[in-house]
Each structure stands twice: as structure tokens, then as C-alpha cells.
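Read the structure below first, then the notes.
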Amino acid sequence: MVQTNISSPSNFNCGGEDTCPPLPQHTYSSPFPLQAPPLLSAPRLAVQAVLKRTASGERTSHALVKRFMSNTKQQKPTLTGQRFKTRKRDEKEKFEPSLFRDAIVQGLEEAGDDLEAASRFLDVSSSKLDYRRYADTLFDILVAGGMLAPGGSLLDDGDKTKVTRTSVCLFSAEEDLEAIRRFAQVICKLLRRYKYLEKCLEEEFKKLLMYLKGFTESEQNKLAMFTAVLLGGGHLPASVLGSLFTDSNIKEGLSAAFSAKLFRSWIVEKDMHSVTIALKRSNMDKRLPELFPANKRDIEHLTAYFTEAGLPELASFLRAQQSLGTRMEMQKELQEKLQEGTPVKEVMLFLREEMKKNEISEARAAVLIWTSVMSCVEWNKKEELVTEQAIKHLKQYAPLFAAFTSQPQSELALLLKVQEYCYDNIHFMKTFQKIIVLFYKADILSEETILKWHSSAHAAKGKTVFLDQTKKFVEWLQNAEEESDSEED
7 MVQTNISSPS NFNCGGEDTC PPLPQHTYSS PFPLQAPPLL SAPRLAVQAV
57 LKRTASGERT SHALVKRFMS NTKQQKPTLT GQRFKTRKRD EKEKFEPSLF
107 RDAIVQGLEE AGDDLEAASR FLDVSSSKLD YRRYADTLFD ILVAGGMLAP
157 GGSLLDDGDK TKVTRTSVCL FSAEEDLEAI RRFAQVICKL LRRYKYLEKC
207 LEEEFKKLLM YLKGFTESEQ NKLAMFTAVL LGGGHLPASV LGSLFTDSNI
257 KEGLSAAFSA KLFRSWIVEK DMHSVTIALK RSNMDKRLPE LFPANKRDIE
307 HLTAYFTEAG LPELASFLRA QQSLGTRMEM QKELQEKLQE GTPVKEVMLF
357 LREEMKKNEI SEARAAVLIW TSVMSCVEWN KKEELVTEQA IKHLKQYAPL
407 FAAFTSQPQS ELALLLKVQE YCYDNIHFMK TFQKIIVLFY KADILSEETI
457 LKWHSSAHAA KGKTVFLDQT KKFVEWLQNA EEESDSEED
């Protein structure tokens, strides 16, 4: 700290020595050493001026000086327009399917006709090439030999120095099911190794089936067999067939022709039962008629088409599906008539007309009547009350049941349906025996049918309970039959 004395100079004169008294001498503590005027900076000169102007003798605080100095500091320049370096994890890789295609095509061409070498190349290349990102390009190459444009045509860069197509693909394979199976193993190995490609393959086939018009007939045949092999192996769901229901493919007959080739190979790979199960799981079984134009969806045309194509099993399946749909409509209409209280005679006439028109057997009609009669009532939840309610309800429809149980097959079908219903509805477990007795007394069920059911023709559902319930009644029937036989003798 520098002590500074401020006093009047000796040569200072205010007009006379006696008129101007000397200035009082004060001592100030300054945080800055005073130097000769030429060497002082502008801020420090300002401080000195403040100190000189303080004539009252009061000490200027150190905080005031510090604040003044901070306000007079020169501002540092700020940087503008600087660039921040993007982190590596935030950098987006360019989407370049053509480079991916070139790498895959080159590797497959080097493998040639050796499918094992092609599989090894695809397995090794997964560490260098992004299969997850370019899955659609990968499957385009394996199926068509190159990248597909919308519509099914192959993309061409126009660069003749590059090889953009490969002969190691499905469309270059022989049009033979065994050859298609061998090529399918390349895809299957890839799917087993990289599970995430399964969904990508599903999306690829949805696209391919829409592009049928862009493929040749031979390519369509190979694609149909290839699809059947993958469906049979469980590598594709049957829901991919939904792409066949496009208007353009249906109008030109491509969907029907493709499906015939596909089903023929699919049944060879598995069997008709497995095919129908797969179709039902994907809700495709009811949509098969939609593969044809609207004016060709009748059951006669469908069965004739598939029978001629060498698919009698599929024709039978379609006929059964048609019959099932007809029966459901018939049951719905029958139930409405019963709820409206339509007289039994009118109901009989309606059923006979429907049976004749739709070729429905009497046994199926008897089962339909039972289902409709039992579904048009809200049953009591108490077991002790539901029996009385059921017997009372069934009595009024006894003539209807009797009219459609004129054959032993119809009686047995009805009896088995009653057994199934009482087993599935627990409140009816103890009602079964009384229903059988009612039907026997109303001449709906004969004693021969009841005895046959009890001895061997019963279903497995609840057989122990129901056989025990009807044991005394069956014994009574047997004794009555023996007595009648002895009387005749």
C-alpha cells in the first residue's frame, strides 16, 4: 500500500499569499502506486482524479475503488460461428443399398453353383454388412438376382463396368421342387442364424406376391414352390397369402393360378390336414373364394377349378367350408323363427326346404335344431331349477325333434350332441338322464339307439357320469326288451 500526501504546491498562488490559505494535508491509502503522469493508464488516472477531488478528508473505501475498476475492465471478445464436433454415436450412416448389393452380388458370383459356399459367404459377410438395415435388398437378390423396383422389374444402374445381377438366386434355379428345396436351405440356414430376418422375410414375401404381374410364368411357378416349401417348414405364416387378394392379380387370374401351384406343392411338403390348420390359424380358410373374380366364386366353379388342377382335397375342403357357412346361416334363421314363436309346422317346412336346397343331411339338421332350441332361452343358474326349466322347454319342441330323427344315424347324432352340451354346461350335468327319458317317451330316441350309445357309441366327454346316470334306465330297457322277446316266444 502506498502512502500519498496531497498538499498545495509551493508555487501555487491564488492571487496573493494572504488571500488563499493552504490546502489541508491529508494522507490517503491507495491500492495502486502512483507513477509519473505519462506512465499512468486511463483507469488509474481516473482513480487519481477521484482521490484528488476528495477534499473533505473522508477516506474512499477500497470496495468503491474495486467496483470502479471492475466496471472499467475491457470486455473480452466472444467467439461466433464456431462448429461443434458431432459425436461418433450421433453420426448417421448413409443409406446406400447399391453398395450393399454390389458386395452381395460379387460374393455370390464367386461362390457360383456351390450353394454351400454361398451359405458360408452369407454367414461370414454378416459381420461386415448390415443385414438388419438392408434385409429387403438381401432377399431381393436371393430371390430375383438383384434389387427390385416397384412392380417387380430389376433395377439397373446403367454402369456396365459393375455386375449388378447374380445367377445364384431363386429365379435362376431349375423349375423343379427338389431344386427349389435345395435353394431354400440357403434361406433357412440364414434364418436359423439370424432370427431377426424372419420378420423381414415375411414382409419381403408380402411384396413379392403383389408383384406377380412383373414376373414371368416360370418365375411365378418357382416362387409358388418356394413359398410352399417355406410355409411347410414353418418359416413363413400363411398370412402372407393376403397379398394375393389385390384387384389387379385377381382380375387377370394370377391369384387363382398361383394359389393352385402353391397348394399343390404345399400338400406334397406336408398334408391337407396341416394346410387347413395353417389356413384357419391365419383366417385365410374363409377367403379362398376371393382369389377368383366376383362372378366366379360359386362353389361349383371353385370345386371344378381345383379338381382340374389336381387338388381334389382342396375342392372337398371348400365344399365343406361352403356347407359350414350355409349351416350357420340356416341355424341363425331357425333361431330367429323359434324366438318369434313361429308354429312348429312352419319351422318344419322351412327346414326341409333348406335341407333340400343345400344338401344337408337329417343328422346335421337334428343337431342344428338342438343348438337353436337350447340357445333361444336364458337358463336358470341354479342346478335344481334348470332341470325343470329344460324339460318344460324341450317338451314343446318334441314334435320338431321327432320329425328329423327318422333314421338311427340322426338319433345317435342328436344323443351325442345332448351329451356334449350337458358336459360343456355344468348346470346340465344332472339333467342328462331326464332329457334322455323325455326323448324316449316322445319317440325321438329309440331303445336300440340308447342301448347302442350306452354300450359302445358314447363320447369320451363325461362318459363316467352319464353312463352311471342312465344305468338304471338302460337296465329297465334291457329287461323290457327281454320280456317282450319272451312274450313273442
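This note's numbering numbers the first residue of the sequence shown as 7 and each following residue consecutively. Glycine is no exception: its CB is placed at the ideal position from the N, C-alpha and C atoms.
Residue pairing for residue 324: DSSP places it in no beta bridge. For the stretch 342–428, there is no continuous beta strand (DSSP E) assignment of 3+ residues that stays within its boundaries. Secondary-structure assignment with DSSP links residue 160 through a beta bridge to 154.
Looking at 345, 228 and 453, the one whose alpha-carbon comes closest to that of residue 384 is 345.
With respect to residue 236, residue 226 sits apart: the two C-beta atoms are not nearer than 8 Å. Comparing alpha carbon positions, the residue from 405, 413, 451 and 422 closest to residue 367 is 413.
Put simply, the backbone Cα of residue 485 is about 26 Å away from that of residue 404.
Setting aside the 5 residues that flank it on each side, residue 433 is surrounded in the same chain by 389 and 392, each with a C-beta closer than 6 Å to its C-beta; the list follows chain order. Counting only runs of 4+ residues, the alpha helix (DSSP H) found wholly inside the stretch 230–304 occupies 253–257, 260–275 and 278–287, in chain order. Within its own chain, the residues whose Cβ lies closer than 7 Å to the Cβ of residue 440, once the five positions on either side in sequence are excluded, are 393 and 397, listed in chain order.
Put simply, the backbone Cα of residue 431 is about 12 Å away from that of residue 423. Under the three-state reduction of DSSP, residue 431 is assigned to coil, being neither helix nor strand.
Three or more Cβ pairs drawn from the stretch 164–172 and the stretch 109–127 lie within less than 8 Å of each other, which places the two stretches in contact. The DSSP-derived three-state label of residue 225 is helix. For a cut-off of 8 Å, the C-beta gap from residue 401 to residue 444 is around 7 Å, short enough to register as a contact.
When secondary structure is reduced to three states using DSSP, residue 212 falls in the helix class. Excluding the 5 residues flanking it on each side, residue 315 has same chain C-beta neighbours closer than 6 Å at 266, in chain order. Leaving aside the five residues that flank residue 195 on each side, the residues in its chain whose CB is nearer than 7 Å to its CB run, in chain order, 125.
When the Cα atoms are used, residue 285 and residue 364 turn out to be separated by approximately 25 Å. Its Cα nearest to that of residue 467, the residue 429 stands out among 429, 321 and 436.
Taking a cut-off of 8 Å on C-beta distances, the stretch 133–151 touches the stretch 206–225, as three or more cross pairs fall below it. Exposure of residue 482 is indicated by the presence of fewer than 16 other C-beta atoms within 10 angstroms of its C-beta. Residue 470 sits away from residue 442, with the two beta carbons spaced by 8 Å or more. Counting along the chain, the unbroken alpha helix (DSSP H) around residue 440 starts and ends at 438–447. Here residue 175 carries a coil assignment [DSSP, helix/strand/coil]. According to the DSSP assignment, residue 119 belongs to no alpha helix (DSSP H), since it is labelled neither H nor E. For residue 338, the three-state secondary structure derived from DSSP is helix. The C-alpha of residue 150 lies about 12 Å from the C-alpha of residue 232.
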